[in-house]
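Structure record follows, encoded as structure tokens.
Residue numbers (the working numbering), protein chains in the order written: chain Y, 1 to 394; chain G, 395 to 788.
This is the structure in structure tokens:
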């Protein structure tokens, strides 16, 4: 029986090596003046920006620029919107990692409003956005967040009263995602590993989510197949191989579509609580906890019984990652295989432990207190959540 | 290696039994005056329309009405647009089979223009539409065409100089598809069989299409799984079972998304040529030819070699339909199994032969001449295409 579900729209997608050459034409079709949002400079260094910029100039599109260094803050958004007031910007192009695309989303959402972005932030202003946005073209240069397909932008206020919160609206999904795996070729191994494990976490959590539906099931499993084949390669000998990078870029894109429609689980609950308390990249916290969390969830499902559909899903992923055909009778073996492979990847990719970012044993109680299970297929108890963290402290 | 692909947006989807109760609220959110497009009266007879209409009235939404009996003609569209000029209609709601939703699409596309729809019809006017449309909510009452998710509307001019042509634009994809399997409960067995086989054909053809991509692969296979489990049931003892109807409605929806993004094959090439020459329902012509066409394509692939990826896809569908786990070593057996199951379904569902609609042996040459392979995984020769038809003449 298919349960009731809703599926929000996905962005229009242009996927493929060299697809960045279509960006300027897409901007010209939208018309007007562009706001280009980029990150810290690696795009320029890679040489890719020069080519895109040349095409934009050739197409006669006037541009304003905003740089988002690190995770965007509400201040950056408010100040940029104020500075751009009266500039006549009619569309947004964001090229970069998840933070840059989130900044693009927030700017596209706030150029049409006359208040601070904090008014729309969940748990802060809490006002509902009216959905009026500027058209937004998102171009990812990492394969991880899937932000090019999601409806929220995460904004971070750094400092002693620091927080991470989203603004969210179906209309914040970019109008067009241009996914060019060649733009990820220069992404360093450490970032590739952390973002790749983030994509893997998002795919696995949305696949087993209580809000999953047959569409997200199909797309998540498709993404997991490509990530399983390519994650280690992308961080090693396949880093310069466009086909390997394409597989990861596709997995990341699917992870965004799936999380936007099916939600996430306890690893992202932990990423929110730990990420709010410590300065730790999102991909690292997800990656470091994915193995222990999956082990704990599968253990809890086995112990509490009755959730055989979810165990079957985990087993399917285990079969995919192990390069085997799925067979129902091997369900238990394949679940164990999945746990084993995740631990092996995290070890092989040398994902840091939480202690490296200052998380101590005595912080665990507060982390657990702040952690939500989200749409996890089983509600882990505080003791179970604590075990997930403690195993990855040192 | 993932080949380059583009994926156009899908409609926002509300899926589930009783989801029709959300239509009025969605219309109210869009605001303004509605044009309601319905078909021949079975919706009213089923009692479902009364409930929806009551909610629309309660929400205070003023409505104009257009009835589309049978496949919509260019004349119906032009006359309706002329009659509605100045009515202040701001949104379109279409509730019915594929023809009704296609009429809704054409009206949503033409209420913003001041010329005849023929100007935009492929192979006739051939002008490019500017994409300006009225918001369109599509509500299918059959499970077959997937029109609620596609970007084209088929218009038919009946008569000695008859033709069937599409208008097409990415913006013609309805903004919202409300898929309520309860609306299909009263669909008679014959229509369920023909439309169900149309959905099956669309899924299978887009899955093996030369334009397929990993996203359409995942969604097509997902739809095929549900159709395989439920097609015979929906036409028989499961006709009154909402879960069975939901499976078919989901399969149909996926078929629309997949065909809009991956195209179709030679069965739809034949449906176009035969459908232009004879008065035969689209679902019947697809359904009657699906078995012989699949047999011919698999035979051609085997004969010409080199296309093992496509044979593997057919084998995966064979495994799905046979309720078996897919195993690579059984590829040949599973391809044969698929052919056998398709023939058995067509027989069991008593799908008429072409002769019943006046197609004679001597018409075959002209049919073959007019038939395109479209995105078929192998280009069938005229002799092969003729064999597909001849086997289903009588």
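Glycine included, every Cβ here is placed at the ideal spot set by N, Cα and C.
Note that the coordinates shown come from a computational prediction; the quantities given were computed from them, not determined experimentally.
If you follow the beta strand (DSSP E) that residue 196 of chain Y is in, where does it begin and where does it stop? It is not in any beta strand (DSSP E) - residue 196 of chain Y instead sits in the alpha helix (DSSP H) that spans 189-207.
Return the chain-ordered list of same chain residues with a C-beta closer than 8 Å to the C-beta of residue 89 of chain Y, the five sequence neighbours on each side being excluded. 32, 33, 34, 35, 64, 111 and 134
Between the stretch 301-329 of chain Y and chain G, which residues of the former have CB atoms less than 9 Å from a CB of the latter, in chain order? 325, 326, 327 and 328
In chain Y, which residues lie less than 9 Å from residue 410 of chain G when you measure between Cβ atoms? 2, 3, 4, 5 and 6
Among all the DSSP beta bridges, which residues are the ones paired with residue 167 of chain Y? Y:153
Own chain, CB closer than 7 Å to residue 420 of chain G, minus 5 neighbours either side, in chain order: 531 and 570
Tell me, which residues are paired with residue 459 of chain G by DSSP? G:430
Positions along the stretch 195-227 of chain Y whose CB lies within less than 8 Å of some CB in chain G: 213, 214, 215, 217, 218, 219, 221, 222 and 226
Kindly indicate the opening and closing residues of the beta strand (DSSP E) around residue 83 of chain Y. Residue 83 of chain Y -> not in any beta strand (DSSP E); alpha helix (DSSP H) instead, spanning 74-84.
For residue 7 of chain Y, does the three-state DSSP call read helix, strand or coil? For residue 7 of chain Y, the three-state secondary structure derived from DSSP is strand.
State the DSSP-derived secondary structure class of residue 396 of chain G, mapped to helix, strand or coil. coil
Cβ closer than 8 Å: which chain G residues qualify as neighbours of residue 250 of chain Y? Neighbours of residue 250 of chain Y on chain G, chain order: 396 and 608.
Considering residue 494 of chain G, what are the terminal residues of the alpha helix (DSSP H) in which it resides? 492-504
Could you give the distance in angstroms between the alpha-carbon of residue 380 of chain Y and the alpha-carbon of residue 300 of chain Y? 7 Å
So what's residue 13 of chain Y in DSSP terms, helix, strand or just coil? strand
Is any beta-carbon of chain Y found at less than 8 Å from that of residue 406 of chain G? yes
Taking the alpha-carbon positions, what's the residue 691 of chain G to residue 772 of chain G distance? 7 Å
In its own chain, which residues sit with a C-beta less than 6 Å from the C-beta of residue 19 of chain Y, not counting the 5 before and 5 after it? 178 and 180
Judging by CA-CA distance, which residue of Y:143, Y:124, Y:119 and Y:84 is the nearest neighbour of residue 254 of chain Y? Y:143
If we cut at 8 Å on Cβ distances, does residue 73 of chain Y have a partner in chain G? no
Report all residues from its chain with a CB closer than 6 Å to the CB of residue 470 of chain G; omit the five preceding and five following residues, and keep chain order. Result list for residue 470 of chain G: empty, nothing under 6 Å.
For a contact defined as C-beta to C-beta under 8 Å, what are the partners of residue 9 of chain Y on chain G? 403, 404, 405 and 406
Quick one, which of Y:59, Y:4, Y:249 and Y:368 has its alpha-carbon nearest residue 411 of chain G's? Y:4
Any C-beta of chain G sitting closer than 8 Å to the C-beta of residue 234 of chain Y? no
From residue 626 of chain G to residue 658 of chain G, what does the alpha carbon distance come to, in whole angstroms? 23 Å
Closer than 8 Å to chain G by CB, residue 246 of chain Y: Chain G, which has a Cβ nearer than 8 Å to the Cβ of residue 246 of chain Y, makes this yes.
Output the distance between the C-alpha atoms of residue 1 of chain Y and residue 643 of chain G, rounded to the nearest integer angstrom. 12 Å
Taking 8 Å as the CB-CB limit, is residue 413 of chain G close to chain Y? yes
Count the other CB atoms within 10 Å of the CB of residue 327 of chain Y; is the residue buried (16 or more) or exposed (fewer)? It counts as exposed.
Please state whether the Cβ-Cβ distance between residue 477 of chain G and residue 549 of chain G is less than 8 Å. no
Within 10 angstroms of its Cβ, does residue 486 of chain G collect 16 or more other Cβ (buried), or is it exposed? buried
For residue 210 of chain Y and residue 364 of chain Y, the rounded distance between their alpha carbons: 26 Å
Which same chain residues end up closer than 8 Å to residue 73 of chain Y when comparing Cβ atoms and leaving out the 5 residues on each side of it in sequence? 155, 156, 157 and 158
Which residue or residues does DSSP assign as beta-bridge partners of residue 133 of chain Y? Answer by DSSP bridge pairing: none, since residue 133 of chain Y is not bridged.
Less than 8 Å between CB atoms is the rule here; does residue 243 of chain Y satisfy it with respect to chain G? yes
Could you give the DSSP three-state label for residue 518 of chain G: helix, strand or coil? DSSP places residue 518 of chain G in the coil class of the three-state scheme, outside both helix and strand.
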